[in-house]
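Visitor: As you go down the protein sequences, you meet chains A and B in turn.
The first sequence: position 83 = 83 (the numbering used here), numbered continuously.
The second sequence: position 65 = 1065 (the numbering used here), numbered continuously.
Please read through the structure below; I'll follow up with questions.
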Amino acid sequence: MANIKSNENKTKAQSMGLHTEVLTGKTQQKFFNPDEAENFYYWGTYDVDFNKRIDLDVNDLDCKEANKKIDELMSQGYGTIVIKNPQGKHSLGVGILNKLNLIFEGSLGYFGVGSIDGPTVRINGRVGWSCAENMMAGKVVIEKNAGSCFGAAVRGGDLICKGSVGARTGIDQKGGTIIVGGDAGAFTGFMMQRGRIIILGNVGINLGDSMYDGTIYVGGKIGSFGSDAIESPMTKSDIDWIKRKLKVAEIGENFDISKMTKVVAGKKLWNYDALEPTEKKGAI
Amino acid sequence: MCGIAGLIHRGKSSNVGNELQAMLQALKHRGPDSTGYALYADNNGENFIMRFKVGENVGEGSSSINEDESVYDKRKELVDDMLKNLGAKVLKEEKLTPYSYRYEMKYDDDLMNFSKKIESIESVEILSIGKSLELIKDLGDAQAVLDRYDLGKVTGTHAIGHARMATESGVDIKSAHPFWGYPFSDVSVVHNGQLTNYWNNRRVLENKGMRFMSECDSELIAVYLAEKMRNGATLEEGMKDSLSGLDGVFTYFVATKDSLGMAKDTMAAKPLVLYESDDLVAMGSEEIAIRSILPHEIDTYDPFDGEVKVWQI
Chain A
1 MANIKSNENK
11 TKAQSMGLHT
21 EVLTGKTQQK
31 FFNPDEAENF
41 YYWGTYDVDF
51 NKRIDLDVND
61 LDCKEANKKI
71 DELMSQGYGT
81 IVIKNPQGKH
91 SLGVGILNKL
101 NLIFEGSLGY
111 FGVGSIDGPT
121 VRINGRVGWS
131 CAENMMAGKV
141 VIEKNAGSCF
151 GAAVRGGDLI
161 CKGSVGARTG
171 IDQKGGTIIV
181 GGDAGAFTGF
191 MMQRGRIIIL
201 GNVGINLGDS
211 MYDGTIYVGG
221 KIGSFGSDAI
231 ESPMTKSDID
241 WIKRKLKVAE
251 IGENFDISKM
261 TKVVAGKKLW
271 NYDALEPTEK
281 KGAI
Chain B
1001 MCGIAGLIHR
1011 GKSSNVGNEL
1021 QAMLQALKHR
1031 GPDSTGYALY
1041 ADNNGENFIM
1051 RFKVGENVGE
1061 GSSSINEDES
1071 VYDKRKELVD
1081 DMLKNLGAKV
1091 LKEEKLTPYS
1101 YRYEMKYDDD
1111 LMNFSKKIES
1121 IESVEILSIG
1131 KSLELIKDLG
1141 DAQAVLDRYD
1151 LGKVTGTHAI
1161 GHARMATESG
1171 VDIKSAHPFW
1181 GYPFSDVSVV
1191 HNGQLTNYWN
1201 NRRVLENKGM
1211 RFMSECDSEL
1221 IAVYLAEKMR
1231 NGATLEEGMK
1241 DSLSGLDGVF
1251 TYFVATKDSL
1261 GMAKDTMAAK
1271 PLVLYESDDL
1281 VAMGSEEIAI
1291 RSILPHEIDT
1301 YDPFDGEVKV
1311 WQI
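Following this line, the structure appears as structure tokens:
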């Protein structure tokens, strides 16, 4: 674990409460510093106009060319981009860091719309493995099914699949909400750390295996609980929150939320709440 | 990594050679070392097709030892002599490459004894025996193998194929997929994944008289299923049993004369995308494999953990 010493000369960031300690020793951690103007420039972001709309046919483009083209269009101010013929290609629509309406008329392959921060994405097809991996913010709606590792390491935003999803949904999830209208496979919420998962259908074996924290709500049958995942009583605030989220997701209008099962971490394996703040950093 | 693909037309024939090529070519990035096809072709259904090799492809990054091509001809002559002794009547023979042959023949006796005798000849391996199965595997990508063996014109009802990235054994034809379900005619298997109880199972199966030609863990699936079927299990029963009998991570396809099946391990660790309609089932490691033959918008899904499915033609 890194050595920690108190920082007597407080920076503006520390006065804002962003961090209160600095790491020394071998750890090379650089904190965000609002005093440096370049920190307010977000590379690859554009001011776009949602009313400026364009169609982009990617049938003859590979994923790099297609993503470059999307970037070009955003730089020209297009705020609504409709992608035609994605044909299951991998890594389409990744790394978008500004507001944008992105619509895919078809299905995506692996790593679709990964590492995004802000756009609203609608996919009128299916997505392959690791859709929206490491998403920071925004909203992604998939009209059909999704593959495994759906929403892996998601940190924020709403990720919605109206169909069924594969195994390890929300693996390593660190925030945000994942909503699934159909069934989910094995190891849903595997090692999740924060955030919430709502599954309206059935889930497979080892639900919430080795989860650190976070909450999983299941509407159907549960194959089995993973190690350290336990059932917790549903509260009124859970029901109100799910009702609001389902409205955002445009699914489950008549779903009986009160009968859902709430699953949380038993915290026998990992218990962050019992750690001192400095120990948490070391553990992470 | 490896990529697998399969398709079955229900109630009709199609150009499965070209269709499987397109699917495997789309998966080339998953396995550039070798490509294999198991095509269930529109043969007359009366005679056996035996595909065998008398040596290895020593080019294209092969890990095999270089041999003089003259030994291939000697081995081929030994195979011909053995066939005569076994009472098999060769109706047509084709030399496809210096090391591989396709024989059309009549044979009515026990295939296990037949195969043991043929494979007792040094470096000779039967790639497949069947009345509709045409099993072709070689180094190179799907297009290269299709061109080398002239598979573009093959029509049939169903097919499975494999694009291999060599991880557990060498870059050679004997370790390439698909594997024939020795000694059953018309049975083939492709696999994506790793099996961790290979040696335990191999020792048990070898004691029961089953044969292994390579040290590739995937061959175990073909032998495992063949042994189950030899003892009276149906294909589906054998596949369901394999979910607990095989340890590791896997998605595999198995095909017989009139059916195609898939199985996924209980961890669902390996990918599979499936498209199912009344007249066609197509599946592959990635959606782009299916899109290569069905470019219009379709509904596909990932089968869940521990799922086994079998379709008939």
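Glycine included, each C-beta is placed from N, C-alpha and C at the ideal position.
These figures come from a predicted structure and were not determined experimentally.
1) Determine the DSSP secondary structure at residue 1158 of chain B, reduced to helix, strand or coil.
2) Taking only three categories from DSSP, how would you classify residue 1029 of chain B?
3) CA-CA distance, residue 1063 of chain B and residue 1136 of chain B?
4) For residue 87 of chain A, would you say it is in contact with chain B, using Cβ-to-Cβ distances shorter than 8 Å as the test?
5) With 16 other CB atoms within 10 Å as the buried threshold, where does residue 1293 of chain B fall?
6) If we define contact as Cβ-Cβ less than 8 Å, is residue 1050 of chain B a contact residue for chain A?
7) Could you work out which residues of chain B lie near residue 144 of chain A, taking near to mean beta carbons separated by less than 7 Å?
8) Would you call residue 3 of chain A buried or exposed, if buried means 16 or more other Cβ atoms sit within 10 Å of its Cβ?
9) What residue ranges within the segment 101 to 173 of chain A form continuous beta strand (DSSP E) runs of no fewer than 3 residues, ordered along the chain?
10) Going by the DSSP bridge assignment, what does residue 202 of chain A pair with across the sheet?
11) With a threshold of 16 other CB atoms inside 10 Å of the CB of residue 170 of chain A, please say whether the residue is buried or exposed.
12) Pick helix, strand or coil for residue 270 of chain A, following the three-state DSSP scheme.
13) Using C-beta distances below 8 Å, list every residue in its chain close to residue 182 of chain A, excluding the 5 sequence neighbours before and after it, in chain order.
14) Which same chain residues end up closer than 6 Å to residue 95 of chain A when comparing Cβ atoms and leaving out the 5 residues on each side of it in sequence?
15) Just reading off the beta strand (DSSP E) that residue 1284 of chain B is part of, what are its end residues?
16) By alpha-carbon positions, which one of B:1018, B:1269 and B:1290 ends up nearest to residue 1247 of chain B?
17) How about residue 1067 of chain B and residue 1058 of chain B: are their beta carbons less than 8 Å apart?
18) If you pair each beta-carbon of the segment 1202 to 1210 of chain B with each one of the segment 1223 to 1242 of chain B, do three or more pairs fall below 8 Å?
19) Drop a sphere of 10 angstroms on the beta-carbon of residue 1300 of chain B, count the other beta-carbons inside from all chains shown, and report buried for 16 or more, exposed for fewer.
20) Check the Cβ-Cβ distances between residue 4 of chain A and every residue of chain B, and say whether any is below 8 Å.
21) Which value, in whole angstroms, describes the spacing of the CA atoms of residue 1094 of chain B and residue 1103 of chain B?
22) In chain order, what residues of the segment 117 to 136 of chain A put their CB closer than 7 Å to some CB of chain B?
23) Going straight from the alpha carbon of residue 265 of chain A to that of residue 1032 of chain B, what length do you get?
24) Should residue 1249 of chain B be flagged as near chain A, meaning a C-beta pair shorter than 8 Å?
25) Does DSSP classify residue 1114 of chain B as helix, strand or coil?
26) Give the DSSP bridge partners of residue 180 of chain A, in chain order.
27) Got a sec, what are the start and stop residues for the beta strand (DSSP E) residue 248 of chain A sits in?
28) Closer than 6 Å by C-beta to residue 53 of chain A: which residues in its own chain qualify, once you throw out the five before and the five after it? Chain order, please.
29) Check the Cβ of residue 1291 of chain B against every Cβ in chain A and list those closer than 7 Å, keeping chain order.
30) In three-state DSSP terms, what is residue 1044 of chain B?
31) In three-state DSSP terms, what is residue 192 of chain A?
32) Give the C-beta separation of residue 1177 of chain B and residue 1007 of chain B to the nearest angstrom, bearing in mind that I take them to be a contact with Cβ-Cβ under 8 Å.
33) So that I know if they touch, is there some Cβ in chain B lying closer than 8 Å to that of residue 205 of chain A?
34) Tell me the DSSP secondary structure of residue 1149 of chain B in three-state form.
35) Suppose contacts are defined by Cβ-Cβ distances below 8 Å. Is residue 89 of chain A in contact with residue 121 of chain A by that definition?
Guide: Taking the definition as stated:
1) As a first step, residue 1158 of chain B must be located in the second sequence, where it is residue number 158. Residue 1158 of chain B: strand per DSSP, three-state reduction.
2) The residue given as residue 1029 of chain B occupies position 29 in the second sequence. Helix at residue 1029 of chain B.
3) The residue given as residue 1063 of chain B occupies position 63 in the second sequence. The residue given as residue 1136 of chain B occupies position 136 in the second sequence. Each residue's alpha carbon lies about 19 Å from the other.
4) Here the question's residue 87 of chain A lines up with position 87 in the first sequence. Closer than 8 Å: yes.
5) Locating residue 1293 of chain B in the second sequence gives position 293, counting from the first residue. Label assigned to residue 1293 of chain B: buried.
6) In the second sequence, residue 1050 of chain B corresponds to position 50, counting from 1. Residue 1050 of chain B does not count as touching chain A.
7) Mapped onto the first sequence, residue 144 of chain A falls at position 144. Per Cβ cutoff of 7 Å: 1299.
8) Stepping through the first sequence from its first residue, residue 3 of chain A is reached at position 3. Summary for residue 3 of chain A: the model assigns pLDDT 45, below 50, so the residue's position carries little reliability; its value from the coordinates is reported in the next sentence. Exposed, since its Cβ has fewer than 16 Cβ neighbours within 10 Å.
9) 101 to 105, 117 to 123, 137 to 142 and 158 to 161
10) Numbered from its first residue, the first sequence carries residue 202 of chain A at position 202. In DSSP, residue 202 of chain A forms no bridge with anything.
11) For the purposes of this step, residue 170 of chain A is taken as residue 170 along the first sequence, with counting starting at 1. By the neighbour-count rule (16 or more Cβ atoms within 10 Å), residue 170 of chain A is buried.
12) Counting from one through the first sequence, the residue named residue 270 of chain A turns up at place 270. Coil, per DSSP.
13) Within the first sequence, the letter at position 182 stands for residue 182 of chain A. Contacts found: 145, 161, 162, 163, 164, 165, 200 and 201.
14) For the purposes of this step, residue 95 of chain A is taken as residue 95 along the first sequence, with counting starting at 1. Cβ neighbours of residue 95 of chain A beyond the five flanking positions: 115.
15) Here residue 1284 of chain B corresponds to residue number 284 of the second sequence, with the count starting at 1. Per DSSP, residue 1284 of chain B belongs to the beta strand (DSSP E) from 1280 to 1284.
16) The residue you call residue 1247 of chain B lines up with position 247 of the second sequence. Nearest of B:1018, B:1269 and B:1290 to residue 1247 of chain B, Cα basis: B:1269.
17) Along the second sequence, read from residue 1 onward, the residue named residue 1067 of chain B stands at position 67. Along the second sequence, read from residue 1 onward, the residue named residue 1058 of chain B stands at position 58. Yes, they are a contact pair.
18) yes
19) As a first step, residue 1300 of chain B must be located in the second sequence, where it is residue number 300. Residue 1300 of chain B is buried by the Cβ-count criterion.
20) Working through the first sequence from its first residue, we reach residue 4 of chain A at position 4. Note on residue 4 of chain A: pLDDT 47, under 50, position unreliable in the model; the coordinate value appears next. It does not; no Cβ of chain B falls within 8 Å.
21) The residue labelled residue 1094 of chain B in the question sits at position 94 within the second sequence. The residue labelled residue 1103 of chain B in the question sits at position 103 within the second sequence. Approximately 6 Å, taken between the alpha carbons.
22) 125, 126, 128 and 129
23) One-based indexing of the first sequence puts residue 265 of chain A at position 265. One-based indexing of the second sequence puts residue 1032 of chain B at position 32. Cα to Cα, residue 265 of chain A sits roughly 43 Å from residue 1032 of chain B.
24) Here residue 1249 of chain B is taken as the residue at index 249 of the second sequence, counted from 1. No, no contact with chain A.
25) Counting from 1 along the second sequence, the entry for residue 1114 of chain B is found at position 114. Helix at residue 1114 of chain B.
26) Residue 180 of chain A sits at position 180 when you count from the first residue of the first sequence. Per DSSP, A:161 and A:199.
27) Walking along the first sequence from the start, residue 248 of chain A turns up at place 248. No beta strand (DSSP E) holds residue 248 of chain A; the alpha helix (DSSP H) holding it covers 236 to 249.
28) Within the first sequence, residue 53 of chain A is the residue found at index 53, counting from 1. The answer, listed in chain order, is 80.
29) Locating residue 1291 of chain B in the second sequence gives position 291, where the first residue counts as 1. Chain A residues near residue 1291 of chain B: 87 and 88.
30) On the second sequence, residue 1044 of chain B is found 44 positions in, with the first residue counted as 1. Residue 1044 of chain B falls in the coil class under three-state DSSP.
31) Mapped onto the first sequence, residue 192 of chain A falls at position 192. Here residue 192 of chain A sits in coil by DSSP.
32) Locating residue 1177 of chain B in the second sequence gives position 177, counting from the first residue. Locating residue 1007 of chain B in the second sequence gives position 7, counting from the first residue. Going by Cβ atoms, the distance from residue 1177 of chain B to residue 1007 of chain B rounds to 16 Å, so no, they are not a contact pair.
33) Residue mapping note: residue 205 of chain A aligns to position 205 of the first sequence, counting from 1. Output row for residue 205 of chain A: interface = yes.
34) For the purposes of this step, residue 1149 of chain B is taken as the residue at position 149 of the second sequence. In the structure shown, residue 1149 of chain B sits in a helix (DSSP, three-state: H, G or I).
35) Mapped onto the first sequence, residue 89 of chain A falls at position 89. Mapped onto the first sequence, residue 121 of chain A falls at position 121. Their beta carbons are not under 8 Å apart, which means residue 89 of chain A does not touch residue 121 of chain A by this criterion.
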